[in-house]
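Reviewing the structure listed below.
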Amino acid sequence: MPDVKLPAAFHTLTGGRRLLPVEGGNVREVLVRLDQACPGVLERLMDLDGSVKRCVNVYRNDSDIRSLDGLETKVQHHDVIWIVPAVAGGSEVTSRGVTMTEVIPTEFFTEPGSNPHAVAAEYRSRCPVHRINVPPGADAYAVLGNRVVEEALGDSRLSKQVENLPARYRDKAVANSLLVAGNLGFADDPKHARLKKPISRAFLPATVARLRPRIQDIVDDLIDAFPENGEIDLLSAFALPMPLTVICEYLGIPVTDRPLFLEWSYILSQDPLQHDEAELKAASEEFTDYFTELVAERRKDLGDDLLSEIIRARDAGAYSERELLSTLLLLIIAGHKTVANMIGNGTALLLRHPEQLEMIRATPELIPSAIEEILRYEGSAAWASLRVAAEDMRLGGVNIPKGSFVHLSLSSAGRDPDVYDDPDRFDVTRSPNRHLSFGHGPHFCIGAPLGRLQGEIAFSSLLRRLPRFELAVPPEEVTWLGDSSLSRGLEALPIRVGGRLPR
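Going by my numbering, the first residue of the sequence shown is number -8, and it counts up by one from there.
Pasting the structure below:
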């Protein structure tokens, strides 16, 4: 076997040899041959009992064939083998030759700043899975690679039920927040299917398409309130009130109480294991009191609104009372916060990439494509919602013990160069552009059709009715929210408007 330049992982494992099988067989047979030339290799790779607890990567014609069969993985002439061995103390040596001993700090989750992508890229380039200190002191992992995130999103071994958390976290989460108490976002099948069924029809593409005229009116009313020339905060003047009005009207709840819903949504979207407990409990109690009274009143005179449909489902036994309230909270939070972030993030991106903005102005048909690129490049949710390992498992070659938190970075997945060409380039014409911003698998976002529709109407109306608008502050002064929620959004977006056309 010839001596060649060695990847770092195999420099450690083989003492200066890269594995280039010259015959067929499996990895074990190749290592036996290598052991004859480099004594001690097998001893260093195998566990004391002779078992193999590691992942093997075989690279064939520049493609990655990952196998959990360990030393039994089949190989052929010219394959390159990298092995991810188990290391004492729960660390892993990755296929890229870096020992996964470091723990990503809590701030990577709670205070990502203006460019978390560079930090994520550095971690991701070493290993697609890392330990992370979220919540502080817990056994937790961050999944950063696109393919591993996609795999994890559809993996039934990762539970979304808070009941599967270790007891000390489970009891605290349930006590602190109504959001995790019983809705489809925090449930596994068959409970997930039961909670989803009563509302699924309301979010089908054909159903939400009927909302287009009303959404257009809401958008135009908000733009009518803009100054013809002057400065506004696009978030408070447009991006937040637009989707909140839409979801309130769709549910049939008082739009005049939007300030209350905004306050409760912000607090109750925070991590119940990290945010202030008193504030979480107070918001949960206030939300419960408000909607318990509203539901009782609506039950006396049910209509054709979504709240009435949810009450009918409750009365038919599909929901408990707590599940009804938790579902309402989920719909209000997810129904406005993600859309507001999409509009804010997207507008900021377009203003920072004026050539892309002008391309869309000239060709409005590109708006749907632009929305997908916004979601990939700077999506509304940085992280997928709660997942906990329901059993011992492996992800990306890393052992995940039962009961561990598993945080899936949708933000990092959207910038993975293994999936996207030039991933840090913002390109509204990018195609194909399959991303994970709405999730994947059974928990794919039920509200995606409504979110996309609102984005299309919002961006097309802003570009049509505002012939000139620009950032009112230097780009570096546009600040990002830092909190314990899963969101990726701006604190504010000051813009300067130059002219406003009629609707």
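Virtual Cβ for every residue (Gly too), placed ideally from N, Cα, C.
**Asked** Are there 16 or more other CB atoms within 10 angstroms of the CB of residue 449, so buried, or fewer, so exposed?
**Response** Under this definition residue 449 is a buried residue.
**Request:** For residue 156, count neighbouring Cβ atoms within 10 angstroms of its own Cβ and tell me buried if that reaches 16, exposed if not.
**Result:** Around the beta carbon of residue 156, 16 or more other beta carbons sit within 10 angstroms, so the residue counts as buried.
**Asked** Starting from residue 485 and walking both ways along the alpha helix (DSSP H), at which residues does that stretch end?
**Response** Counting along the chain, residue 485 sits inside no alpha helix (DSSP H); it lies in the beta strand (DSSP E) bounded by residues 485 to 489.
**Prompt:** What is the residue span of the alpha helix (DSSP H) that residue 332 lies within?
**Reply:** Residues 312 to 343.
**Prompt:** Is there contact between the region 168 to 175 and the region 308 to 320, where contact requires at least three CB pairs shorter than 8 Å?
**Reply:** With the rule of 3 Cβ pairs closer than 8 Å, the region 168 to 175 counts as touching the region 308 to 320.
**Prompt:** With DSSP run on the structure shown, which of helix, strand or coil describes residue 16?
**Reply:** Residue state, collapsed to three classes: strand.
**Request:** Leaving aside the five residues before and after residue 481 along the sequence, list all residues of the same chain whose C-beta is less than 8 Å from its C-beta, in chain order.
**Result:** Around residue 481: 226, 332, 335, 336, 339, 469, 470, 471 and 472.
**Request:** Look at residue 110 and residue 387 and say whether their C-beta atoms are less than 9 Å apart.
**Result:** Contact flag unset, no.
**Prompt:** What runs of the alpha helix (DSSP H), each 4 residues or longer, lie entirely inside the region 409 to 491?
**Reply:** Runs found: 439 to 456.
**Prompt:** Out of curiosity, what's the CA-to-CA distance linking residue 456 and residue 360?
**Reply:** Each residue's Cα considered, the two are about 20 Å apart.
**Message:** Suppose you measure from the CA of residue 488 to the CA of residue 422; what does that come to, to the nearest Å?
**Reply:** Between the C-alpha atoms of residue 488 and residue 422 there is a straight-line separation of about 32 Å.
**For residue 222, three-class secondary structure by DSSP** = If DSSP states are grouped into helix, strand and coil, residue 222 belongs with the strands.
**Message:** I'd like the span of the beta strand (DSSP E) that includes residue 190, first residue to last.
**Reply:** That residue, residue 190, is in no beta strand (DSSP E); its alpha helix (DSSP H) goes 182 to 191.
**Prompt:** The beta strand (DSSP E) with residue 390 in it runs from where to where?
**Reply:** First-last of the beta strand (DSSP E) with residue 390: 389 to 391.
**Message:** Looking only at its chain, what residues have a beta carbon closer than 7 Å to the beta carbon of residue 464, apart from the 5 residues adjacent to it on each side?
**Reply:** Excluding positions up to five away in sequence, the list reads 485.
**Prompt:** What distance in whole Å lies between the Cβ atoms of residue 150 and residue 378, which are believed to be in contact at a cut-off of 8 Å?
**Reply:** That belief holds up - the Cβ atoms of residue 378 and residue 150 are roughly 7 Å apart, short of 8 Å.
**Beta carbon of residue 478 nearer than 9 Å to that of residue 329** = In this structure, residue 329 lies closer than 9 Å to residue 478 by Cβ.
**Request:** Would you mind giving the Cβ-Cβ distance between residue 364 and residue 419, rounded to the nearest angstrom? I have them listed as a contact below 8 Å.
**Result:** Your pair residue 364 and residue 419 checks out as a contact, with CB atoms roughly 5 Å apart and the cut at 8 Å.
**Request:** Taking residue 231 as part of the beta strand (DSSP E), name the residues at either end of that continuous run.
**Result:** No beta strand (DSSP E) contains residue 231, which DSSP labels as neither H nor E.
**Item:** Touch test, the region 264 to 284 against the region 243 to 255, Cβ-Cβ under 8 Å, three pairs minimum
**Value:** The answer is yes - the region 243 to 255 touches the region 264 to 284, with three or more Cβ pairs under 8 Å.
**Prompt:** Which residues in the same chain as residue 326 place their Cβ atom closer than 7 Å to its Cβ, once the five residues preceding and following it in sequence are excluded?
**Reply:** Contacts found: 234, 238 and 438.
**Inter-residue Cα distance where the pair is residue 414 and residue 366** = Residue 414 and residue 366: Cα-Cα distance of roughly 13 Å.
**Message:** Measuring straight from C-alpha to C-alpha, what distance separates residue 145 and residue 381?
**Reply:** The alpha-carbon separation between residue 145 and residue 381 amounts to approximately 14 Å.
**Request:** Provide the residue(s) that pair with residue 396 in DSSP beta bridges, ordered along the chain.
**Result:** Partner(s): 131 and 379.
**Cα-Cα separation, residue 127 to residue 97** = Their Cα atoms are separated by approximately 7 Å.
**Request:** Output yes or no for whether 9 Å exceeds the beta carbon distance between residue 394 and residue 130.
**Result:** Yes, they are a contact pair.
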